[in-house]
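Numbers in this note's numbering are just positions in the sequence shown, counted from 1, shifted up by 28. One structure is given here, and the rest of the page talks about it.
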Amino acid sequence: MARLTAEFWVQAYLARLRLADIPAFVVARGDATAGAVLVKQATLDGRARAFQRSFDPMTGARSWMVLSEGEERDVDAAIARQRDFDPDLWVIEVEDRAGRHLLDEPGLD
């Protein structure tokens, strides 16, 4: 089964966020073809969440799970640790006071 490249998925995700008037930007650019993606959702009040994609090998289902949540500096530290471990990692920051990130919408898993 063909898979989207990481860069294509990131660009499509950013376009969807723009259509919903949700500010977002690429914090760290990873491998264009196969890099994993982390999404940081900042509520602009000092709090944040970082999401990573998980994969269920039994069903083949993909979903987003919370990697870190809490004070923004702590979430940033968790993301930095992941980047140290995986330099091909993409990091997208979404800034929305209401906490919207669209990762629960169809087509983004």
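Quick reminder that beta carbons are idealized off the backbone N, C-alpha and C, glycines included.
D124 has its alpha-carbon roughly 23 angstroms from the corresponding atom of A64. A straight-line Cα-Cα distance of about 28 angstroms links R111 and A48. In this structure, E97 keeps its C-beta atom at 7 angstroms or more from the C-beta atom of V55. Counting every other CB atom within 10 Å of its CB across the protein chains shown gives F36 a total below 16, marking it as exposed. With a cutoff of 7 angstroms on beta-carbon distance, A34 and W118 are scored as near each other. Q80 and V94 have their C-alpha atoms spaced approximately 6 angstroms apart.
With contacts defined as CB atoms closer than 7 angstroms, S91 and D137 qualify as a contacting pair.
G88 counts as exposed, since fewer than 16 other C-beta atoms from the protein chains shown sit within 10 angstroms of its C-beta.
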